[in-house]
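Chains A and B, in that order, give the protein sequences.
Start counting the first sequence at 1; every next residue gets the next number (my numbering).
Start counting the second sequence at 1; every next residue gets the next number (my numbering).
Following: one structure in structure tokens, then a few remarks.
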Amino acid sequence: MKFVTCPHIGKRALSEFTYGGELRVEPDIETVSDKQWTDYVFHRHSEPKTQQEWWYHRPTGMWFIFTRNTLTDLISQVKVASRGALHEA
Amino acid sequence: MPLRLLKYAWKKPEEEPRFFPDEKPLKKAYDVVIIGGGGHGMACAYYLAKEHGITNVAVLEQGYIGGGNTGRNTTIVRSNYLTAEGVKFYDQSVKLFEDLSDEFDLNIFYSTRGHFTLAHTDSAMRTMRWRAEVNKHYGIDSEVVDVETIKKDIPYMDVQCNGQHPVMGALYHAPGSVARHDAVAWGYARGAQMRGVEIHQKTQVTEIKTQDGKVKGVQTNRGFIEASKVISMVAGSTPRITKMVDMQTPIEVFPLQACVTEPVKPFMNTIVVSGSLHVYVSQSSRGELVMGASVDPAELHSTRSTLDFVEGLTDQMMDLFPFTSRLKIMRQWAGMSDITPDFAPIMGKTDLEGFYLDAGWGTWGFKATPVSGKTMAYTVANDRDHDLIKPFSLSRFEEFALVGEKGAASVGH
Ligand SMILES: Cc1cc2nc3c(=O)[nH]c(=O)nc-3n(C[C@H](O)[C@H](O)[C@H](O)COP(=O)(O)OP(=O)(O)OC[C@H]3O[C@@H](n4cnc5c(N)ncnc54)[C@H](O)[C@@H]3O)c2cc1C
Chain A
1 MKFVTCPHIG
11 KRALSEFTYG
21 GELRVEPDIE
31 TVSDKQWTDY
41 VFHRHSEPKT
51 QQEWWYHRPT
61 GMWFIFTRNT
71 LTDLISQVKV
81 ASRGALHEA
Chain B
1 MPLRLLKYAW
11 KKPEEEPRFF
21 PDEKPLKKAY
31 DVVIIGGGGH
41 GMACAYYLAK
51 EHGITNVAVL
61 EQGYIGGGNT
71 GRNTTIVRSN
81 YLTAEGVKFY
91 DQSVKLFEDL
101 SDEFDLNIFY
111 STRGHFTLAH
121 TDSAMRTMRW
131 RAEVNKHYGI
141 DSEVVDVETI
151 KKDIPYMDVQ
161 CNGQHPVMGA
171 LYHAPGSVAR
181 HDAVAWGYAR
191 GAQMRGVEIH
201 QKTQVTEIKT
211 QDGKVKGVQT
221 NRGFIEASKV
231 ISMVAGSTPR
241 ITKMVDMQTP
251 IEVFPLQACV
261 TEPVKPFMNT
271 IVVSGSLHVY
281 VSQSSRGELV
291 MGASVDPAEL
301 HSTRSTLDFV
311 EGLTDQMMDL
321 FPFTSRLKIM
331 RQWAGMSDIT
341 PDFAPIMGKT
351 DLEGFYLDAG
361 WGTWGFKATP
371 VSGKTMAYTV
381 ANDRDHDLIK
391 PFSLSRFEEF
401 ALVGEKGAAS
411 VGH
């Protein structure tokens, strides 16, 4: 079993989490073009890389942002999801 | 008998013809380059040569023939999908599969077993009825059956599922089959090669060269190859290839795992799938139980296996087949599944002239091997999307015209 150490809740089994996809910035709904909206809704850059991702911790109902490499599966950073975290993406 | 045996032993051994002739050196240019030597790549090469007379073709495979998802899948073939587009497409494939052994003069061990998709909830029953109606409308043998029928056909299954989630009924699809996956790739490869196609193993495409919005050729670990038509048929490696041409798709790659038990006496002739429990099982001709589940929880470009997978799968499997608690798991493995948001493939021409895509095969693409090869060959030969694959074009996402193939769901196969 894989474990991950998180702020506030400490060391937890990865199986307690649900993957929420890559962290991406939502375009401004007022100014977005159809093409940009399609890209945001559907299109992905799913080649192997290090990316920031949403992970939901089911027992506590908290959302975290993991920095994970999708080739090696190594998690290099964990932080609590917050408005600030979104803008840094 | 012993005399005949002796005579045979003294006879000079006959040279077995090689299944594949020795590889030729790479040429500087081909009419068509196919990236990926899995079932799809081989089938496309075969039909290009056989049906369209295009033989100046190279299939480039970074590893060995069929070493990708083709050689890792659990080989379920069926056509009881949910959408009209899906049903028509997969039905063609089932029909092609049925004749392949004869066509190749090679036994692909195509074995028609019957396929049960179990329903454990009211809503699952509703979906089964819906699927059965769509299927029947298109002439597919598909019906909803009750628990008594299930008990009779799958005698060792606990329909009460340990009291946890009793089976309420199932969608039954008589043509559901399994086949020998390697043989499908080999048969197509040999047939293509006999007609002049070149297959180059250990040849990896590292770059795709374009000029003025047109494909010019591919860079490989063995040098540059000129070609004005390049087809990407690389399943779980698709995002790496589309990145080379700066193209975005909705594909995300998730590992899909499977395993087999030690062999036991034949006790189950059918294929059993449970969407609610996220497991499926069939018994191979060797007696092993071939089992799989849904994709791993997060995106990953790796074929590593995990204990979590076997634990989760066997936990559910023991509810369905209690006696399996005594069986040992012999082998487990994984492949990389290229998943799309509507569980339908992405096929056909793209915005880049000369670049064709056959991808988004996720957990369901083995059954499509013949028909995707055939329709992609047509598409490339005529530079026009074949009618059957029009609904699967990459542009459907921009046009918000998704296919909604829930019948494929990640565990449906
Ligand atoms: C565990 C598992 C179970 C499955 N079960 C079923 C099932 O029961 N029924 C079903 O219908 N489907 C099933 N599938 C899905 C099915 O296996 C695939 O959709 C199908 O085999 C895809 O075939 P392909 O030829 O497109 O890809 P592959 O067989 O993966 O071939 C692609 C090839 O491209 C090569 N390649 C990649 N990048 C490059 C490069 N840059 N240069 C050169 N070569 C490259 C790879 O080495 C690979 O050999 C399953 C998949 C898995 C993993």
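C-beta atoms are modelled at their ideal positions from N, C-alpha and C, and glycine is treated no differently.
All values reported here derive from a predicted model rather than from experimental measurement.
**Item:** Cβ-based burial, Met376(B) [other Cβ within 10 Å; buried from 16]
**Value:** buried
**Prompt:** Can you tell me whether DSSP reads Ile346(B) as helix, strand or coil?
**Reply:** strand
**Request:** Return the residue from the list Gly139(B), Thr270(B), Asn69(B) that minimises the CA-CA distance to Val87(B).
**Result:** Gly139(B)
**Prompt:** For Glu226(B), which residues of its own chain have a beta-carbon under 8 Å away from its beta-carbon, when the five flanking residues on both sides are left out?
**Reply:** Lys28, Ala29, Tyr30, Lys216, Gly217
**Contact list for the region 346 to 377 of chain B against chain A, Cβ threshold 8 Å** = none
**Request:** Within its chain, find whatever has a CB closer than 7 Å to the CB of Leu394(B); leave out the 5 residues flanking it on each side and keep chain order.
**Result:** Thr249, Ile346, Thr350, Leu357
**Prompt:** Taking buried to mean at least 16 other C-beta atoms within 10 Å of its own C-beta, is Pro25(B) buried or exposed?
**Reply:** Exposed, since its Cβ has fewer than 16 Cβ neighbours within 10 Å.
**Item:** CB contact flag (Val403(B), Pro391(B), <7 Å)
**Value:** yes
**Request:** For Ser33(A), decide whether its Cβ has a neighbour in chain B, counting only Cβ atoms nearer than 7 Å.
**Result:** no
**Message:** So, with DSSP's three-state summary, where would you put Glu61(B)?
**Reply:** coil
**Message:** Tell me the rounded alpha-carbon separation between Arg195(B) and Glu23(B).
**Reply:** Taking the CA atoms as reference points, Arg195(B) sits about 14 Å from Glu23(B).
**Prompt:** Who are the neighbours of Glu26(A) on chain B, taking C-beta pairs under 7 Å?
**Reply:** Ordered by position in chain B, no residue passes the 7 Å Cβ test against Glu26(A), which lies about 17 Å from the chain.
**Item:** Residue interval of the alpha helix (DSSP H) (run including Val32(A))
**Value:** It is not in any alpha helix (DSSP H) - Val32(A) carries neither H nor E in the DSSP assignment.
**Message:** Applying the 10 Å Cβ sphere with the 16-neighbour rule, what's the burial state of Gln164(B)?
**Reply:** exposed
**Request:** Scan the region 305 to 346 of chain B and note each continuous alpha helix (DSSP H) run of 4 residues or more that stays entirely inside, going in chain order.
**Result:** 307 to 320
**Prompt:** If you measure from the beta carbon of Gln77(A) to each beta carbon in chain B, is any gap under 7 Å?
**Reply:** no
**Request:** Please list the residues of the region 295 to 324 of chain B that have a C-beta atom closer than 7 Å to any C-beta atom in chain A, keeping them in chain order.
**Result:** Within the region 295 to 324 of chain B, the qualifying residues are Pro297, Ala298, Glu299, Leu300, His301, Ser302, Asp308.
**Prompt:** Should Val205(B) go down as buried or exposed, given a rule of 16 or more other Cβ atoms within 10 Å for buried?
**Reply:** buried
**Prompt:** Is it buried or exposed for Ala13(A), if we count other Cβ within 10 angstroms and need 16 for buried?
**Reply:** exposed
**Request:** Output yes or no for whether 7 Å exceeds the beta carbon distance between Tyr19(A) and Ala298(B).
**Result:** yes
**Request:** Closer than 9 Å by beta-carbon distance: list the chain B residues that pair up with Leu71(A), in chain order.
**Result:** Leu300, His301, Ser302
**Request:** Measuring only between beta-carbons, confirm whether Tyr40(A) sits less than 7 Å from chain B.
**Result:** Chain B contact via Cβ: absent.
**Message:** Taking a contact to mean a Cβ-Cβ separation below 7 Å, would you say Ala189(B) touches Met42(B) in this structure?
**Reply:** yes
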